[in-house]
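Undergrad:
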Amino acid sequence: MTHGTVNAPSYLDAPHGIASWLLTKDHKRIGILYLISVTIFFMIGGLFAAGIRTELLTPEGDFLTADLYNKLFTLHGVVMIFFFLIPSIPATLGNFLIPIQIGAKDLAFPRINLLSWYIYVVGALFTLAAVFAGGVDTGWTFYTPYSSIASNTNVTLAALGVFITGFSSILTGFNFIVTIHRMRAPGMTWFRLPLFIWAHYATSLVMVLGTPVVAITILLVFAERALGFAIFDPRMGGDPVLFQHLFWFYSHPAVYIMILPGMGVISELVAAVSRKQIFGYSFVAYSSLAIAIIGFLVWGHHMFVSSQSIYAGLVFSIITMIVAVPSAVKTFNWTATMYKGSVTWESPTYWVIGFMGLFLIGGLTGLFLGTMGLDVHLHDTYFVVAHFHYIMVGGAIMAFLGGIHFYWPKMTGRLYPETLGKISAILVFTGFNLTFFPQFVLGYLGMPRRYYAYPEEFQILNVLSTSGAGVLGLGYALIVFYLVATLFKERNAPANPWGATGLEWQIQSPPITLNFEVDPIVTEDAYNYAGRAPKHTKAGEV
Amino acid sequence: MSAPNVHSDAHQAHHPKLQHHFHNMAQQLEASILGMWVFLVTEVMFFGGMFMAYLLYRTMYPDAWLAGSNELNEVLGGVNTLVLIVSSLTMALAVRAAQVGARMAQIANLILTIIFGSIFLIVKYFEYAAKFEHHLVPGAHFDPARDPAQQLYFSLYFMLTGIHALHMIVGIVLLFIMLRMAWKHQFNADYFTPMEVTGLYWHFVDIVWIFLFPLLYLIGKHH
Amino acid sequence: MSSFPLFPEAASSIAHEVDLIYFFILAVCSFFAILVSGLVVFFAVKYRRRHPDEVGADIHGSIALELIWSIIPFILSLVMFVWGADLFFRIARPPADSMEVFVVGKQWMWKVQHPEGVREINELHVPVNRNVKITLGSEDVLHDYYIPAFRVKMDAVPGKLTTMWFRATKPGTYQIFCAEYCGTQHSGMIGHVTVLEEHDYEAWLAGGRSTGTAVENGERLFTDLACITCHKTDTSGRGPVLAGVFGSQVRLMDGRTVVADENYLRESIVNPQAKVVLGYQPIMPTFQGTVSEENLMQLIAYIKTLKPAAPVSPAAPSGGQ
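Chains as they are written, first to last, in our numbering: chain A, 435 to 976; chain B, 34 to 256; chain C, 7 to 327.
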């Protein structure tokens, strides 16, 4: 069953015109608006990364000035974290899928959804203004007193940009929470929800509880810098470490904002490519909540050598070990799902396998850093850089790309070229490892972060890393190319190209504006593959 | 897994204020109320960051905090506290009036709430003016004879009360919007959502002040 | 074409312990990474779909497995935690017999003072097999003193003093990096620590141009800045007697009791109103901006040498007018 058999037009076709897109209240169109925006910022952030990696080909600082380099790594971080990673899955796939997956016509507050996109755009414009005005060089972490007193770059402008964008995040999270509580279709109980929903619910809790704290922290830096107030200035008795506590109180949970949605996507993909119920569904669901909540209690593991008390460090270290457990539980459950599954080798599987390998390494290397005695050596070295890129890029971006591929037919009504989907996964996986694995070695050797010149003996590993970045960039460019190319072709996607479960696969590709012609009533659990035709099952061939 | 679309109450489906993605007015109201509570939680976290800074520095510099607090006029602060509490009463009465469709009561109580909120802001203005005069604004013009840690106190004083005042202004704007809607007979037992959530917001802003007043004005003042 | 190392030298007493815990965690993590990714690929191959409408087995979960794969990783991570915490305690606490060196970070250099008076910029000379405690300060923004070969680092935080220690075990020259981003020349704020045999170190010290020992400089500052005017050797001064103050318990006007450690002494000089001693008036002027971080370290070194001549009564009368 494909398109053309229903009376209602798809959400892409009606209403027409750019105004209808810019003033839309349709969650699917807003998801597409976000997709375009985050892609643009991903490319900008990638450009900054290219600058960084080019400079690091040689030990001397010979390609850029020190100041320009410092601005590049700052803006790379700011753009990638606030304008790409944090909105990436929630504001694109989350916006698109959450109402559909729960059987609703839209989110609870469609106008606030659109407002969140405009706030994102305004925040982005402020940040771009900071870039064009000469940039910022504080690092995305804005540590005081450098940011509030010493730096002579456009800190205020960039800080305001991030402050504003934070509200986009808050509004998205708040919308998701109310939607998931109040808009589920009849029969859609909490434990029948797809795990994508659980993941986004947990993410939304973090968005809503954490983001306001970084907002006020940024405002305090702004007050010190622009209004002459005294908050962190040690000359007035202020404590620079207070900034770190306030900053990391949000920024650690923020990393869970960046990975939890990816985990939600992977749950969907693993179930679909294995055609099997997710092993330990409720454990996976609860683990999302556990990560969100416990994730608020570990921020001091960024501060073991900051002059934080040893006893506080002990508490943060042990809770860091605890928060690792739910992530491990998820990984084991996904693996067990594939056991006796019916596993396809279509392109989504490549993205799943890529994610698993890279997320494993990224997550496990967190243990090195959470171990206090070892963190002394590793803190602020390339080991940390490698660790978080393995999770943010290897994990979150692979999950994002896997999700974009998987849901591309649903969102656009087009199938993408399968072979290219596999090639790009392989390119990204290979390029990524080549870029970031050498950085673990560099980190243990002692190469600090944010260095634009380094001792000669670090050069070979840096050259390896930069060449990997080239391959990685090629992989990303390939994806943009062939996905955009499909938009010039006919709509050829069936409602359910993967044979997956879920309300989103029961409706046409692309969906009509109101999602469902008839409001659904849910009678079965998620991932009920076993409830299908009894022929050709793994458990006892019939 | 499909069934005919069911409306719980036939005439509710055509209520002019029912947004298309909700099934009925009850769902819409519940969603809005939950939404406002979630938003208020974000506000708690927002102010919370400043409260944490306050807590740390008060522990580190108790004398500076005492000296700073002594510069504040607790009578004016007390008056403002009373004014806000009464305004919460009139707000609650306005919401109640909306729920029963009593238009004049809605309008009167909304106007009273706006008046009380404005009194608060006017008093605040005078307090701030006094700070300027006495060189208590942190920065280049701060009284150099004072312990520098007092700049920390006053920075937090202005941030906390300033951001609170901004929230009050937003609240008053919301109240004017409610006034306009009430004037146009828009609230009754079937639809009073905007009043309900505005009321929640106003009570929250009041509660923040209930914390700010003793923490800022009453340090060391026990009689 | 220079060789490129893949593993840093281990040149301190703690380095091998750090490497040991690193290899332990590496082994555990490699095991799980290989196991899980291996299984994923293995299952994807073994259970690959053979018919287009085939579905997987109807398996929902297993509480036993959930418990096993929660508890075992948790126990392993607890081992890491305990081992790491114990190691951290030993990294963080300098032994009592440590020789002291004062280091001040400033954009973008490291200023080192040996107590004997020799100063260095960006370089640090230390004797082998001696415990060295570094007291760190910052003139401006956050910095971090990092010696990879020793596996130690510590932030230099403006507004306070921090400490770190090490015992170098192998003569040689090793990298020092600033490891907390501090602006334009952050990557230029580097140097070397040269570990010398004891007699070579003594020779180096003696040959260095000395500008006075830290204590001598502190004493000179104490006089030049007129501290002696209020902090007399008897209780007749407007300020508390400083003999024996370091390490003692001090009662404050607001009721608190604090230990007079280095940070207390430092704060008393730059922000005297913060902790006024019981029985005294808050009249000490601030020296913020007048004394550098290095001067502060010298003053503290001097004050630490002040021992009481005879037992003094603990309660001071209210300061003389």
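Beta carbons are placed, not taken as given, at the ideal position from N, Cα and C, and that holds for glycine.
Could you check if A/Arg884 is buried or exposed, using at least 16 other CB atoms within 10 Å of its CB as the buried criterion?
TA: buried
Undergrad: When the Cα of C/Cys236 is compared with those of C/Pro14, C/Asp230, C/Pro246, which residue comes out closest?
TA: C/Pro246
Undergrad: If the cut is a Cβ gap below 7 Å, which residues of chain C does A/Tyr886 touch?
TA: Ser193
Undergrad: I'd like to know whether the C-beta atoms of C/Glu129 and C/His205 end up nearer to each other than 7 Å.
TA: The Cβ atoms of C/Glu129 and C/His205 do not sit closer than 7 Å to each other.
Undergrad: Are the Cβ atoms of A/Val718 and A/Ile712 separated by less than 7 Å?
TA: yes
Undergrad: Is it buried or exposed for C/Ala174, if we count other Cβ within 10 angstroms and need 16 for buried?
TA: buried
Undergrad: Can you name, in chain order, every residue of its own chain whose Cβ lies under 8 Å from the Cβ of C/Val265, other than the five neighbours on each side?
TA: Gly253, Ser254, Gln255, Val256
Undergrad: Relative to the C-alpha of A/Ser781, which candidate in A/Ser582, A/Met832, A/Thr947 has its C-alpha closest?
TA: A/Met832
Undergrad: Report yes if the CB atom of C/Glu186 is closer than 7 Å to the CB atom of C/Asp240, and no otherwise.
TA: Their beta carbons are not under 7 Å apart, which means C/Glu186 does not touch C/Asp240 by this criterion.
Undergrad: Taking CB distances under 7 Å as the criterion, tell me whether B/Asp11 reaches chain C.
TA: Because chain B in this structure spans residues 34 to 256, residue 11 of chain B falls outside the shown range and cannot be described.
Undergrad: Compare the beta carbon distance of C/Ala21 and C/Lys176 with 7 Å and say whether it is the shorter of the two.
TA: For C/Ala21 and C/Lys176, no; Cβs fall outside 7 Å.
Undergrad: Under a three-way DSSP split, which group does A/Ala657 fall into?
TA: helix
Undergrad: Going by C-alpha distance, which of A/Gly569, A/Val648, A/Ser899, A/Leu457 is nearest A/Thr508?
TA: A/Gly569
Undergrad: Determine, using beta carbons only, whether A/Gly480 and A/Leu506 come nearer to each other than 7 Å.
TA: no
Undergrad: Rounded to whole angstroms, what is the Cα-Cα separation between C/Tyr207 and C/His131?
TA: Their backbone Cα atoms lie some 7 Å apart in a straight line.
Undergrad: Determine the direct distance from the alpha carbon of A/Lys539 to that of B/Val241, and round the result to whole angstroms.
TA: Computed Cα separation, rounded: 37 Å.
Undergrad: Using a Cβ-Cβ cut-off of 7 Å, state whether C/Lys313 counts as contacting chain A.
TA: no
Undergrad: Work out the CA separation of A/Phe518 and A/Ile598 for me, nearest whole Å.
TA: 15 Å
Undergrad: Using 10 angstroms around the beta-carbon of A/Phe922, count the other beta-carbons present and answer buried if the total reaches 16, otherwise exposed.
TA: exposed
Undergrad: Leaving out the 5 sequence neighbours to the left and right, which residues in its chain are closer than 6 Å to B/Met34 when beta-carbon positions are compared?
TA: Note on B/Met34: pLDDT 39, under 50, position unreliable in the model; no value is reported.
Undergrad: If contact is defined by three or more beta carbon pairs under 8 Å, each pair taking one atom from either stretch, is the stretch 901-909 of chain A in contact with the stretch 863-875 of chain A?
TA: yes
Undergrad: When Cβ atoms are compared, which residues of the stretch 86-99 of chain B fall closer than 9 Å to chain C?
TA: Hits within the stretch, in order: Met93, Tyr94, Pro95, Asp96, Ala97, Leu99.
Undergrad: Per DSSP, C/Thr219 is paired with what?
TA: When beta bridges are read from the DSSP output, C/Thr219 appears opposite no residue.
Undergrad: Taking a contact to mean a Cβ-Cβ separation below 7 Å, would you say C/Ile97 touches A/Gly807 in this structure?
TA: yes
Undergrad: Mapping the DSSP letters down to three states, classify A/Glu702 as helix, strand or coil.
TA: helix
Undergrad: If we define contact as Cβ-Cβ less than 7 Å, is A/Glu975 a contact residue for chain C?
TA: Note that A/Glu975 scores 43 on pLDDT, short of 50, meaning its location in the model is unreliable; the coordinates nonetheless yield the value given after this. No, no contact with chain C.
Undergrad: Should A/Met641 be labelled buried (16 or more other beta-carbon atoms within 10 Å of its own) or exposed?
TA: Buried, because 16 or more other Cβ atoms sit within 10 Å of the Cβ of A/Met641.
Undergrad: Is A/Leu491 close to the ligand FMN? I mean its beta-carbon at under 6 Å from any heavy atom of the ligand.
TA: Absence of the ligand FMN from the depicted structure is noted, as is the absence of any ligand whatsoever, leaving it without description.
Undergrad: At a Cβ cut of 9 Å, what residues of the stretch 712-731 of chain A count as close to chain C, listed as they run along the chain?
TA: Ile712, Phe713, Gly714, Tyr715, Ser716, Phe717
Undergrad: In chain B, which residues lie less than 9 Å from A/Leu680 when you measure between Cβ atoms?
TA: By Cβ distance, chain B contributes Gly82, Met85, Ala86.
Undergrad: Return yes when the Cβ of C/Thr219 is within less than 7 Å of the Cβ of C/Gly123, no when it is not.
TA: yes
Undergrad: Between the beta-carbon of A/Val786 and the beta-carbon of A/Leu912, is there less than 7 Å?
TA: The Cβ atoms of A/Val786 and A/Leu912 do not sit closer than 7 Å to each other.
Undergrad: Compare the Cα-Cα distances from C/Leu248 to each of C/Ile306, C/Trp75, C/Met259, C/Leu202 and report the closest residue.
TA: Out of C/Ile306, C/Trp75, C/Met259, C/Leu202, C/Ile306 has the C-alpha closest to the C-alpha of C/Leu248.
Undergrad: Any idea if B/Tyr158 is buried or exposed, counting beta-carbon neighbours within 10 angstroms, 16 or more meaning buried?
TA: exposed
Undergrad: Measuring only the C-alpha atoms, how far is A/Phe950 from B/Ile210?
TA: 35 Å
Undergrad: Is the stretch 933-940 of chain A in contact with the stretch 510-524 of chain A, if contact means three or more CB pairs nearer than 8 Å?
TA: no
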